[in-house]
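In this note's numbering, the protein residues as written are 19 to 221.
Here the structure comes first, spelled out in structure tokens, and everything after it is commentary.
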Amino acid sequence: MNRRGTIISIAAIAALSVLVSMFLDFVDDTRGYRQAGAGADAIVVLTGGRGRTAEGLSLLRKGKGELLILSGVHADADLDSIYLNQVNLVERPSIVLEKFSKSTYENALEVRRIMEERGLKSMVLITSGYHIKRAHYTFSKVMPGIRIEPYSVSTSNFEIDSWYGGKGLGLLAAEFLKYYWYMGRFAVLGGQVPAGGAASGSV
């Protein structure tokens, strides 16, 4: 191998090492998000992953928030289709279905609008374990001054302590790329990430 080829190989190995190190740090940070228990004004569920909506309703019933916001709900969905007729008449007024957002950033914008309209100042933010780091980062950028308790849900397709098995590695790798894409967009645009950007879908 000539000198130029050697230099390129060394640079590629170094770049790969940095990338792997960044990914492992991302995994460690993701592992640090655990279920919060203090409660808040609102319980916000980012739909699109297993177990999220059920956990939101459970926390509402435990009195962990006065309002449950399901963000990113399909346009044709209603409470009965989401919860299979398990929501009683007393609970229904305390649940808001937000149907406009199509990405994590849009989730944050729409939830901010709802909370501002109702004068709410804190939230429990529920999403899947692989998504919680990007979701918490995005909501913190879009909603400065709002107290956010990130609440990571473990599900059958993802458990942070065994992320390297099954679909876990793929889910985390995708989130790793989306997270740094969001960081870059926030850094360049000061929080104005275009709607329908690279990380479309409330996942």
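Think of the CB as a built atom: it goes at the ideal place given N, C-alpha and C, for glycine as much as any other residue.
Taking just the CA atoms, how far does serine 119 sit from histidine 92?
-> Locating residue 92 in the sequence shown gives position 74, where the first residue counts as 1. Locating residue 119 in the sequence shown gives position 101, where the first residue counts as 1. In a straight line, the C-alpha of histidine 92 is about 9 Å away from that of serine 119.
Which residue from Ile31, Val62, Tyr51 and Met201 puts its Cα closest to that of glutamate 13?
-> Residue 13 lies beyond the stretch modelled for the chain, which goes from 19 to 221, so this question has no answer here.
Taking contact to mean at least 3 C-beta pairs separated by less than 8 Å, is the segment 102–117 in contact with the segment 162–169?
-> No, the segment 102–117 is not in contact with the segment 162–169.
Around the C-beta of glutamate 134, are 16 or more other C-beta atoms found within 10 angstroms, so that it is buried, or is it exposed?
-> Along the sequence shown, read from residue 1 onward, the residue named residue 134 stands at position 116. The residue in question, glutamate 134, is exposed, as its Cβ has fewer than 16 Cβ neighbours within 10 Å.
If I'm right that histidine 144 touches arginine 70 with Cβ under 8 Å, what's the distance once you round it to whole angstroms?
-> Stepping through the sequence shown from its first residue, residue 144 is reached at position 126. Stepping through the sequence shown from its first residue, residue 70 is reached at position 52. Just to set this straight, residue 144 is isoleucine in the shown sequence, not histidine. Between arginine 70 and isoleucine 144 the Cβ distance is about 6 Å, and since that is below 8 Å, they are a contact.
Cβ neighbour criterion (16 or more within 10 Å) applied to isoleucine 100 | Locating residue 100 in the sequence shown gives position 82, where the first residue counts as 1. The residue is buried, with at least 16 neighbouring Cβ atoms inside 10 Å.
Three-way DSSP call (helix, strand, coil) for arginine 203 in this model = For the purposes of this step, residue 203 is taken as residue 185 along the sequence shown, with counting starting at 1. Helix at arginine 203.
Skipping 5 residues on each side, what residues in its chain have a beta carbon closer than 8 Å to that of histidine 154?
-> Translated into the one-based positions of the sequence shown, residue 154 becomes position 136. Here the set comprises Tyr51, Leu143, Ile166 and Pro168.
CB of alanine 60 within 7 Å of CB of leucine 138, strictly | Counting from 1 along the sequence shown, the entry for residue 60 is found at position 42. Counting from 1 along the sequence shown, the entry for residue 138 is found at position 120. Cβ distance < 7 Å, so alanine 60 and leucine 138 count as in contact.
State the Cα-Cα distance for the pair methionine 40 and alanine 33, rounded to the nearest angstrom.
-> Your numbering for residue 40 matches position 22 in the sequence shown. Your numbering for residue 33 matches position 15 in the sequence shown. Rounded to whole angstroms, the gap between the alpha carbons of methionine 40 and alanine 33 is 11 Å.
Helix, strand or coil for isoleucine 164 per DSSP?
-> For the purposes of this step, residue 164 is taken as residue 146 along the sequence shown, with counting starting at 1. DSSP places isoleucine 164 in coil when its eight states are reduced to three.
Buried or exposed (CB count within 10 angstroms, at least 16 for buried), tyrosine 198 | As a first step, residue 198 is located in the sequence shown; it is residue number 180 there, counting from the start. Burial call: exposed.
Sequence-distant residues of the same chain with beta carbon closer than 7 Å to methionine 161, five excluded per side = Looking up residue 161 in the sequence shown gives position 143. Closer than 7 Å at Cβ, skipping near neighbours: Ala126 and Arg130.
Quickly, what does DSSP pair serine 170 with across the bridge? List them, please.
-> For the purposes of this step, residue 170 is taken as residue 152 along the sequence shown, with counting starting at 1. For serine 170, which the question treats as bridged, DSSP gives the partners Thr145.
Go ahead and label alanine 58 buried or exposed: buried means 16 or more other beta carbons lie within 10 angstroms of its beta carbon, across all protein chains shown.
-> What you label residue 58 is simply residue 40 of the sequence shown in a count that begins at 1. Classification of alanine 58: buried, given that the 10 Å Cβ count is 16 or more.
By DSSP, does tyrosine 116 sit in helix, in strand, or in coil?
-> Residue mapping note: residue 116 aligns to position 98 of the sequence shown, counting from 1. Reading off the sequence shown, one finds glutamate at residue 116, where the question assumed tyrosine. Strand.
Out of curiosity, what's the CA-to-CA distance linking valine 105 and alanine 29?
-> Stepping through the sequence shown from its first residue, residue 105 is reached at position 87. Stepping through the sequence shown from its first residue, residue 29 is reached at position 11. When rounded, the distance between both Cα atoms is 58 Å.
With 16 as the cutoff for other CB atoms within 10 Å, does arginine 203 come out buried or exposed?
-> By 1-based counting over the sequence shown, the position of residue 203 is 185. Result: buried.
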